[in-house]
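Participant:
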Amino acid sequence: MCGIVGAVAKRNVVSILMEGLRRLEYRGYDSCGIAVLKDGALHRARSVSRVIDLATQVEATAISSDMGIAHTRWATHGEPVVVNAHPIFSCDELTIVHNGIIENHESLREELSSQGYEFFSQTDTEVIAHLIHALLQSGVAEDLFKAVRLATKRLDGAYAIAVFRKQEPHLMVGARAGSPLIVGFGDGENFLASDALALAGTTDKFAYLEEGDVVALTRDSVTIINRKDISVERQVRRVHAYSGAIDLGQYRHYMQKEIIEQPHAIADTMEGVSGIVPELFGYEAEHIFKHINSILILACGTSYYAGLTAKHWLESLAKIPTSVEVASEYRYRQSVPNPRSLVVTISQSGETADTIVALQYAKALGQKHTLAICNVSTSAMVGQTTLHYLTRAGVEIGVASTKAFTTQLTALFLLTLTLAKLRNRLSTAEEDAYLKQLRHLPMALYSVLALEPQIIAWSDDFAKCEHALFLGRGLHYPIALEGALKLKEVSYIHAEAYPAGELKHGPLALVTDKMPVVTIAPNDALVEKLKSNIQEVRTRGGRLYVFADADSNIQHDDGVHVIRMPEHYGQLSPILHTVPLQLLAYHTACARGTDVDKPRNLAKSVTVE
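So, in structure tokens, the structure goes:
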């Protein structure tokens, strides 16, 4: 969600901070700002528009400094207005940026107000600023590093912060718990950031702070104290932060670019897979997989729909009972834990707060066998699971997930085959056939992408509508859910998805000639049932838009629009059918003139509960 960039150097860092904000725009935000220390005073610029507007302010005021912090904010506490934008000041002496949510901010606010602190914003962040300032003013903490360590012990919730004050020039302090924060290392300069991408081109040496870490940065030193107040060192890694990923090249939007990149992303996800072996998921995988008797999948949003698709695969091919839980709900209900269950978490970023908390809850219930399907090797989620599979989708900039979803499905299908093989449910011939299909999948996707001109023609019809229904059956119902979500996210059209057989149990009441009905129609065992559902819509005057396999014998007719998929792909058909739904959402959004890559109210990486 929110993005942090901080720098302490021997040169002007403003351009580094502003470039970092530009690279973090993909996370989603509704305000942004920068603060620097110059000539012994704090200087700040903030905007509730885009980073380019902030850049105009910075240029107009000629802000420059060798130390500063910058931030993109996605509003939680306090509406997106300038007074709530970060950086936040305390008494014009200390400035802070913060990602996350402080759950006990109200009690701390009352305490600090009673001490005479005045609050100018509605943010929980201002509470942290005043708390650190109060610890310094009272003498309880002799310096900023100590004050931040003491302050964080009083915070409940999630945070990543960067803070400095005018009394200690060239010292910046950062801390994290529940939200990511990394340290970047340079020559005579050091940095903080939420994401290595923010510092691509500035440094490629990073250390990933762990839960409870507090770090002090000067130009020439980095000191880290862990949650037990012990000085520690974190591994410094060279990370190539995909700086090229932020270049649009020939594309109009990142979402379009990332849809087109899916064949390559899936090929990368399959790289090194020469056979179905447990070691694909970690060296302990075979031992763990042989001892589990069920699977629990925890995920949110698009990743949740990937989990629902995997449930079909796991139960039909591996014959292993599978449940899929919305991560944000799982930890707040009484469930029946199974210590022999494999807990699978799915997340593009690996920093999704709801999913991480659900994972921790599942482990606290005694479910110790864990596996992450994730796109980021250095993420908190990968660090907290025993096993993992990296999807290698590359950086995904667009808020609406596309290539992350299809690579997650690819990884989950590999998991299915692995468990099926270990449970003697997969013959050698079947293994070879599925591997051949997986390797051919990128080429099959290129054929689907070639349908784009036909989908653009449909998008003109959809752009005039305010509601849409999506229908799928069996394995393709989760894909209908994902298609509806994509249309909602980027075009702001209200869309719902249903199992096609449920039409007559209520949703059919919504069908009119003003309600487009998107139908996923693979030529599988349910196709004849689906044809009956199509007739239910036609007889009510509904307008059907059908993605049909070439041999499903569904014909164009009055009120029935058909785009034929290149081939039926069996169990992997959901991956192919996902792509035209992404294209439909994208081109509908373009026709409506929405901000495709940065939909209103949404963030890319949801790092708060």
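Residue numbers 1 to 609, in the UniProt record's numbering, belong to the letters of the sequence shown in order.
Heads up, the beta-carbon is just placed ideally off N, CA and C, and yes, glycines get one too.
1. Return the first residue and the last residue of the alpha helix (DSSP H) that M443 is part of.
2. Looking at the secondary structure, which residues open and close the beta strand (DSSP E) in which T345 lies?
3. Under 8 Å, with one C-beta from each stretch per pair, do the stretch 331-340 and the stretch 371-390 reach the 3-pair mark?
4. I'd like to check one pair, V5 with L17: are the Cβ atoms closer than 8 Å?
5. What is the DSSP secondary structure of C590, counted as helix, strand or coil?
6. Mind checking which residues open and close the alpha helix (DSSP H) that includes P478?
7. Cβ atoms of A129 and S90: under 8 Å apart, would you say?
8. Helix, strand or coil for A7 per DSSP?
9. In terms of residue numbering, what span does the beta strand (DSSP E) encompassing P453 cover?
10. Leaving out five residues on either side along the sequence, give the residues of the same chain with a beta carbon under 6 Å from the beta carbon of I575.
11. Are there three or more Cβ pairs, one per stretch, closer than 8 Å when the stretch 352-361 is compared with the stretch 451-460?
12. The alpha helix (DSSP H) spanning T95 covers which residue range?
13. Hey, out of A141, T385, T72, V214, whose CA is closest to C2's CA?
14. With H, G and I counted as helix, E and B as strand and the rest as coil, what does DSSP make of P516?
15. Rounded to whole angstroms, how far is the Cβ of E482 from the Cβ of Y305, which I believe are closer than 8 Å?
16. Is it buried or exposed, F120, if we count other Cβ atoms within 10 angstroms and call 16 or more buried?
17. So, helix, strand or coil for Y26, using DSSP?
18. Which residues bound the alpha helix (DSSP H) around R109?
19. What residue from V395, R44, L298 has the CA that sits closest to Y361's CA?
20. Three Cβ pairs or more, each shorter than 8 Å: is that satisfied between the stretch 137-147 and the stretch 183-203?
21. Within 10 angstroms of its Cβ, does S138 collect 16 or more other Cβ (buried), or is it exposed?
22. Comparing C-alpha positions only, which one of V273, R176, N226, A162 sits nearest to I96?
23. With DSSP as the reference, identify every bridge partner of P499, one or two as the case may be.
24. For D268, name the three-state secondary structure that DSSP assigns.
25. Closer than 6 Å by C-beta to E609: which residues in its own chain qualify, once you throw out the five before and the five after it? Chain order, please.
26. Which stretch, first to last residue, makes up the beta strand (DSSP E) that contains L31?
27. Considering only the alpha carbon of each residue, which of V490, A216, G301 lies closest to V326?
28. Does DSSP put I63 in a helix, a strand or coil?
29. To the nearest angstrom, report how far apart T607 and T428 are at their CA atoms.
30. Using the rule of at least 16 other Cβ atoms within 10 Å of the residue's Cβ for burial, across every protein chain shown, is I52 buried or exposed?
31. Kindly list the residues whose CB is nearer than 6 Å to the CB of Y208, restricted to its own chain and excluding five residues on each side of it in sequence; keep chain order.
32. Taking the Cβ atom as the reference point for each residue, do H568 and P522 lie within a distance shorter than 8 Å?
33. Ignore the nearest five residues each way along the sequence and tell me which others in E284's own chain have a CB closer than 7 Å to its CB.
34. Can you give me the C-alpha to C-alpha distance between N293 and L342, rounded to a whole angstrom?
35. Can you tell which of L414, P169, V222, K464 has the C-alpha that lies nearest to the C-alpha of S274?
36. What first and last residue would you give for the beta strand (DSSP E) that runs through A162?
Facilitator: In this structure, then:
1. In the sequence shown, counting from the first residue as 1, residue 443 sits at position 443. Annotation: the continuous alpha helix (DSSP H) that includes M443 extends over 428-449.
2. Working through the sequence shown from its first residue, we reach residue 345 at position 345. In this chain, the beta strand (DSSP E) harbouring T345 covers 341-347.
3. No, the stretch 331-340 is not in contact with the stretch 371-390.
4. The sequence position of residue 17 within the sequence shown is 17, counting from 1. The sequence position of residue 5 within the sequence shown is 5, counting from 1. Cβ atoms of L17 and V5: closer than 8 Å.
5. To locate residue 590, count along the sequence shown from 1; it is residue 590. Helix, per DSSP.
6. Here residue 478 is taken as the residue at index 478 of the sequence shown, counted from 1. Taken as a continuous stretch (DSSP letters only), the alpha helix (DSSP H) holding P478 covers 477-491.
7. In the sequence shown, residue 90 corresponds to position 90, counting from 1. In the sequence shown, residue 129 corresponds to position 129, counting from 1. Yes, the pair counts as a contact, with Cβ atoms nearer than the cut-off.
8. Locating residue 7 in the sequence shown gives position 7, where the first residue counts as 1. Reduced to three states, the DSSP call for A7 is strand.
9. What you label residue 453 is simply residue 453 of the sequence shown in a count that begins at 1. P453 -> not in any beta strand (DSSP E); alpha helix (DSSP H) instead, spanning 452-462.
10. Looking up residue 575 in the sequence shown gives position 575. Cβ within range, chain order: T406, L409.
11. No: the two stretches stay apart, fewer than three of their Cβ pairs being nearer than 8 Å.
12. Mapped onto the sequence shown, residue 95 falls at position 95. Under the DSSP assignment, T95 falls outside any alpha helix (DSSP H), being part of the beta strand (DSSP E) whose first and last residues are 94-99.
13. Locating residue 2 in the sequence shown gives position 2, counting from the first residue. Nearest C-alpha to C2: T72.
14. Here residue 516 refers to the residue found at position 516 when the sequence shown is read from its first residue. Note: P516 maps to strand in three-state DSSP.
15. Indexing the sequence shown from 1 puts residue 482 at position 482. Indexing the sequence shown from 1 puts residue 305 at position 305. The pair is a contact, with the Cβ atoms about 4 Å apart (cut-off 8 Å).
16. Locating residue 120 in the sequence shown gives position 120, counting from the first residue. Classification for F120: exposed.
17. Stepping through the sequence shown from its first residue, residue 26 is reached at position 26. In the three-state reduction of the DSSP assignment, Y26 falls in the helix class.
18. As a first step, residue 109 is located in the sequence shown; it is residue number 109 there, counting from the start. Under the DSSP assignment, R109 falls in the alpha helix (DSSP H) whose first and last residues are 105-114.
19. The count along the sequence shown starts at 1 and reaches residue 361 at position 361. If we check each option's Cα against that of Y361, L298 comes out closest.
20. Cβ pair count under 8 Å is below three, so no.
21. On the sequence shown, residue 138 is found 138 positions in, with the first residue counted as 1. Using a 10 angstroms sphere on the CB of S138, the tally of other CB atoms stays under 16, which defines it as exposed.
22. The residue given as residue 96 occupies position 96 in the sequence shown. The residue from V273, R176, N226, A162 with its alpha-carbon nearest to that of I96 is A162.
23. Taking the sequence shown and counting its residues from 1, the one referred to as residue 499 is at position 499. In the DSSP output, where bridge partners are listed per residue, P499 has G472.
24. Position 268 of the sequence shown, counted from the first residue, corresponds to residue 268. Looking at D268 - three-state DSSP - the assignment turns out to be helix.
25. In the sequence shown, counting from the first residue as 1, residue 609 sits at position 609. Note on E609: pLDDT 49, under 50, position unreliable in the model; the coordinate value appears next. Cβ neighbours of E609 beyond the five flanking positions: A353, D354.
26. In the sequence shown, the residue the question calls residue 31 occupies position 31. For the sequence presented, residue 31 should be read as Ser rather than Leu. Boundaries of the beta strand (DSSP E) harbouring S31: 31-38, taken from the DSSP string.
27. Working through the sequence shown from its first residue, we reach residue 326 at position 326. The residue with the shortest Cα to Cα distance from V326 is G301.
28. Here residue 63 refers to the residue found at position 63 when the sequence shown is read from its first residue. Coil, per DSSP.
29. In the sequence shown, counting from the first residue as 1, residue 607 sits at position 607. In the sequence shown, counting from the first residue as 1, residue 428 sits at position 428. Residue placement at T607 is flagged as unreliable, the pLDDT there being 49, under the threshold of 50; the coordinate-derived value follows with that caveat. About 42 Å.
30. The residue labelled residue 52 in the question sits at position 52 within the sequence shown. In this structure I52 is exposed. Its beta-carbon is surrounded by fewer than 16 other beta-carbon atoms within 10 angstroms.
31. Locating residue 208 in the sequence shown gives position 208, where the first residue counts as 1. Only residues of its own chain outside the window of five on either side were considered, and among them I182, T378 have a CB closer than 6 Å to the CB of Y208, listed in chain order.
32. Translated into positions along the sequence shown, residue 568 becomes position 568. Translated into positions along the sequence shown, residue 522 becomes position 522. Yes; because the gap between Cβ atoms is below 8 Å, this pair is in contact.
33. Counting from one through the sequence shown, the residue named residue 284 turns up at place 284. If you ignore the 5 residues before and after E284, its C-beta comes within less than 7 Å of the C-beta of T386, L387, all in its own chain and listed in chain order.
34. Position 293 of the sequence shown, counted from the start, is the residue given in the question as residue 293. Position 342 of the sequence shown, counted from the start, is the residue given in the question as residue 342. N293 and L342: Cα-Cα distance of roughly 8 Å.
35. For the purposes of this step, residue 274 is taken as the residue at position 274 of the sequence shown. Looking at the Cα atoms, L414 is the closest of the given residues.
36. The residue you call residue 162 lines up with position 162 of the sequence shown. Here the beta strand (DSSP E) through A162 covers 159-165.
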